[in-house]
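Quick note, the sequences are listed as chains F and S, same order.
Here the working numbering is used: the first residue of the first sequence is 5, the next is one more, and so on.
Here the working numbering is used: the first residue of the second sequence is 2, the next is one more, and so on.
Don't be surprised by glycine CBs; every beta carbon is placed ideally from N, CA and C.
These numbers were taken from a predicted model, which means no experiment stands behind them.
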Amino acid sequence: MNTAGGNIERVVGLERSPMESASASLNAPIWEDVLAQAITGELLAAMNYASLSEICDDPAEVADALEHAEIERGHAARFAAEGRKIGVDVSNNVGAKHWKRLREAFLRCVAERDFIGCLIVQEIMLESFAVASYARVGRVAPGSLGKTFSTIAAEEEEHVDHAMAILRAERALDAQRFDEKVYRLHLDVMTTLAQMLAKECKDGHCEVCHNSCVKPALFDVSLSAAELRGASLRQYLKALDMLGVPGEVTLTWVTQLPV
Amino acid sequence: MGDSIASVIARERTGEVDFALIGHQESWRAAADVLAVLRGPERMPLPDDEVKDILPWIPPRAVCHVEAASIAGKKAHGLYIESFIPPDRLEAAYVHENLARVRGAAAYAIKAGAKIVSLGGFSSILIEGNFDQLPERHDTVFTTGNTLTVAFIVQGIEKMCALEGRDLESSTLLVVGATGDVGSGCARCLAPMVRRVLLNARNVERLHRLGAELQADGVHVEIATDLRQFSAEADLVICAASLAAPSLLLGRIAPDAIVCDAGYPKNLSPRVELPGAKVFFGGLGQITGGLRFAPDFRGVLNRHPFPDVVHGCLLEGMALALERLFEPFSQGRGFITPERVEEIVRIAARHGIYRAPLYNGDGPVICSSGYFDSAACA
Numbered sequence: 005m006n007t008a009g010g011n012i013e014r015v016v017g018l019e020r021s022p023m024e025s026a027s028a029s030l031n032a033p034i035w036e037d038v039l040a041q042a043i044t045g046e047l048l049a050a051m052n053y054a055s056l057s058e059i060c061d062d063p064a065e066v067a068d069a070l071e072h073a074e075i076e077r078g079h080a081a082r083f084a085a086e087g088r089k090i091g092v093d094v095s096n097n098v099g100a101k102h103w104k105r106l107r108e109a110f111l112r113c114v115a116e117r118d119f120i121g122c123l124i125v126q127e128i129m130l131e132s133f134a135v136a137s138y139a140r141v142g143r144v145a146p147g148s149l150g151k152t153f154s155t156i157a158a159e160e161e162e163h164v165d166h167a168m169a170i171l172r173a174e175r176a177l178d179a180q181r182f183d184e185k186v187y188r189l190h191l192d193v194m195t196t197l198a199q200m201l202a203k204e205c206k207d208g209h210c211e212v213c214h215n216s217c218v219k220p221a222l223f224d225v226s227l228s229a230a231e232l233r234g235a236s237l238r239q240y241l242k243a244l245d246m247l248g249v250p251g252e253v254t255l256t257w258v259t260q261l262p263v
Numbered sequence: 002m003g004d005s006i007a008s009v010i011a012r013e014r015t016g017e018v019d020f021a022l023i024g025h026q027e028s029w030r031a032a033a034d035v036l037a038v039l040r041g042p043e044r045m046p047l048p049d050d051e052v053k054d055i056l057p058w059i060p061p062r063a064v065c066h067v068e069a070a071s072i073a074g075k076k077a078h079g080l081y082i083e084s085f086i087p088p089d090r091l092e093a094a095y096v097h098e099n100l101a102r103v104r105g106a107a108a109y110a111i112k113a114g115a116k117i118v119s120l121g122g123f124s125s126i127l128i129e130g131n132f133d134q135l136p137e138r139h140d141t142v143f144t145t146g147n148t149l150t151v152a153f154i155v156q157g158i159e160k161m162c163a164l165e166g167r168d169l170e171s172s173t174l175l176v177v178g179a180t181g182d183v184g185s186g187c188a189r190c191l192a193p194m195v196r197r198v199l200l201n202a203r204n205v206e207r208l209h210r211l212g213a214e215l216q217a218d219g220v221h222v223e224i225a226t227d228l229r230q231f232s233a234e235a236d237l238v239i240c241a242a243s244l245a246a247p248s249l250l251l252g253r254i255a256p257d258a259i260v261c262d263a264g265y266p267k268n269l270s271p272r273v274e275l276p277g278a279k280v281f282f283g284g285l286g287q288i289t290g291g292l293r294f295a296p297d298f299r300g301v302l303n304r305h306p307f308p309d310v311v312h313g314c315l316l317e318g319m320a321l322a323l324e325r326l327f328e329p330f331s332q333g334r335g336f337i338t339p340e341r342v343e344e345i346v347r348i349a350a351r352h353g354i355y356r357a358p359l360y361n362g363d364g365p366v367i368c369s370s371g372y373f374d375s376a377a378c379a
């Protein structure tokens, strides 16, 4: 297993009430797997931003990408700290099969020095998934665990705005070319994300969950895989709406994803 | 697949959007069929459980382009915008959620630059008393489409009476959901033609108001919130609102009554609940100049036994677009008059939009004489 949590820091001094601890600890194995997915996603985002900085020409953009990488590492650290509070040392695996494919898709954009492609993959596709699923987890997770998910969801949503402005300006130059690029990346990235978000992992273990697949157990914490998928795809459709890609086209893209 | 659709849409989008139709599906089967068309023939349709899991998360948006053709040679271009209201949430309990969806669909229509927007089915019911809740708009007008719906219901009643050899003048008409926009419009149009009118609705105050209005015109009116309170059996019935239980009509109307099911969803089955009654679906029209969908949603968005049949509320927007009359023809609740009904019928007829052939849940209506009403009626 490839653990890429080198920058995870131990967080001390964050106490939770005995009630909260008991509630979260009761379902600790479930939260452990939810946190493992979140930490893996954050570390992958950090790696993606670091890679993005290598193809930026403008020093301000380089600094911006590196700052984002640091923010994502910070998110991973906060999630890891929440794990420790419920008594688990959460692992991560950016080399797990789905996450690895997502990273490879991003690296293909980097290899082509396709700055816009990188933003589409990270800010529109991966962040839609993160924002929506963290927000749903934040609603049901107890105490500081829930607050952390909600806060990070809000932070992720905020930093999408900057990328959105760049992408809208790019689309204004040539809408058809831009939409074709989004579609090409959609087929690559969103197909993988849809497989990750499917109600059941049909092609074997995801290589992130600690033991068996966490999805069937999500009902025990008032969540479901269908809800996380639905919220993520809705967020993605709304992000594409904000870019100006026609809604009737993106609807077709999304309905054609695997289930 | 995505590329070809994208290019079709890109071509279609170069034109203006004359009209937008806001609709929803009345059953999970219909919703599944919409998603199946979007997935394309080369992909397996989604299993039923996936349809129920996915559909409620889809934000309102256009699913296809629509081209309406007039017999006068004109064409109008529009969008069908699906609100994605889950079919099992067409109830009062979900009113806020559904209003938000209709508002979302309205915002989509405005952003697309639609000149006139027709509110279909449940959307119309939700908005008729809440026009102020629609998003701010500049060059887009909204119509509930209820005036043309009323026209087709009234024409359907007249046609069924003619086919069954019934005398309208000696009939007792019951309107269920009488204080709604469609119910009150039907009552105003038909009251002068019948012997007695029975008005049924839940809101007593509005019932009194409508009853007094008709009485002032010399109509014999009874009002009641409970069907059991009426002194006479009706032989003509318009259900402008869905009945909680269709069996409520049993024993309250004449066994061979003519019943127009014009509610949403349509839930009167002639064989099961009303074996002796002549039941037909009201408020439907046919656009004889033709209707084209891109992608091809024929028979999916308009699931009727006859071609190019559409709900009157949606046809009103198309008729006005073909007429280039971009005005909010039907707005608010309780303003539909016989004069306005005549006006929209004239406009619709100029473009070959007529009442649809009569049918019900069992198929085309076959009358006692064996006559089969198969052609749209000018």
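Output the distance between the C-alpha atoms of residue i and residue j, rounded to the nearest integer angstrom.
i              : j              : result
residue 349(S) : residue 60(S)  : 32 angstroms
residue 300(S) : residue 31(S)  : 10 angstroms
residue 360(S) : residue 192(F) : 48 angstroms
residue 132(F) : residue 159(F) : 12 angstroms
residue 134(F) : residue 100(F) : 17 angstroms
residue 371(S) : residue 304(S) : 25 angstroms
residue 244(F) : residue 52(F)  : 21 angstroms
residue 286(S) : residue 113(S) : 26 angstroms
residue 166(F) : residue 68(F)  : 10 angstroms
residue 138(S) : residue 48(S)  : 39 angstroms
residue 107(F) : residue 55(F)  : 10 angstroms
residue 309(S) : residue 187(F) : 34 angstroms
residue 91(F)  : residue 223(F) : 22 angstroms
One question on the structure: do residue i and residue j come within less than 8 angstroms of each other, judged by their Cβ atoms?
i              : j              : result
residue 247(F) : residue 189(F) : no
residue 37(F)  : residue 213(F) : yes
residue 214(S) : residue 173(S) : no
residue 48(F)  : residue 114(F) : no
residue 141(S) : residue 111(S) : yes
residue 261(S) : residue 281(S) : yes
residue 41(S)  : residue 146(S) : no
residue 148(F) : residue 89(F)  : yes
residue 83(S)  : residue 35(S)  : yes
residue 179(S) : residue 200(S) : yes
residue 185(S) : residue 211(S) : yes
residue 293(S) : residue 68(S)  : yes
residue 239(S) : residue 283(S) : yes
residue 265(S) : residue 243(S) : yes
What do you get for residue i, buried or exposed, if any count of 16 or more other CB atoms within 10 angstroms of its CB means buried?
i              : result
residue 127(F) : buried
residue 198(S) : buried
residue 148(S) : buried
residue 363(S) : exposed
residue 258(F) : buried
residue 163(S) : exposed
residue 325(S) : exposed
residue 219(F) : buried
residue 189(S) : buried
residue 382(S) : With chain S covering only 2 through 379, there is no way to say anything about residue 382(S).
residue 80(S)  : buried
Which chain F residues are close to residue i, counting only those with a beta carbon under 9 angstroms from its beta carbon?
i             : result
residue 98(S) : None at all; the shortest Cβ gap to chain F is about 14 angstroms.
residue 47(S) : 259 and 263
residue 36(S) : 259
Using a cut-off of 7 angstroms between C-beta atoms, extract the partners of residue i located in chain F.
i              : result
residue 60(S)  : 238, 241 and 242
residue 64(S)  : 252 and 255
residue 51(S)  : 263
residue 109(S) : 251
Can you list, in chain order, the residues of its chain whose CB lies under 6 angstroms from that of residue i, leaving out five sequence neighbours each side?
i              : result
residue 37(S)  : 46
residue 229(S) : none
residue 183(F) : 249
residue 117(S) : 20, 142, 318, 321, 322 and 327
residue 367(S) : 373
residue 233(F) : 201
For residue i, I'd like the list of residues in its chain whose CB is within less than 7 angstroms of its CB, leaving aside the five on either flank, ordered along the chain.
i              : result
residue 196(S) : 170, 171, 172, 173 and 221
residue 175(F) : 182, 247 and 248
residue 231(F) : 140
residue 59(F)  : 114, 117 and 119
residue 203(S) : 226
Counting only Cβ pairs nearer than 8 angstroms, list the residues of chain S close to residue i.
i              : result
residue 234(F) : 54, 55, 57 and 58
Which chain S residues are close to residue i, counting only those with a beta carbon under 7 angstroms from its beta carbon?
i              : result
residue 230(F) : 54
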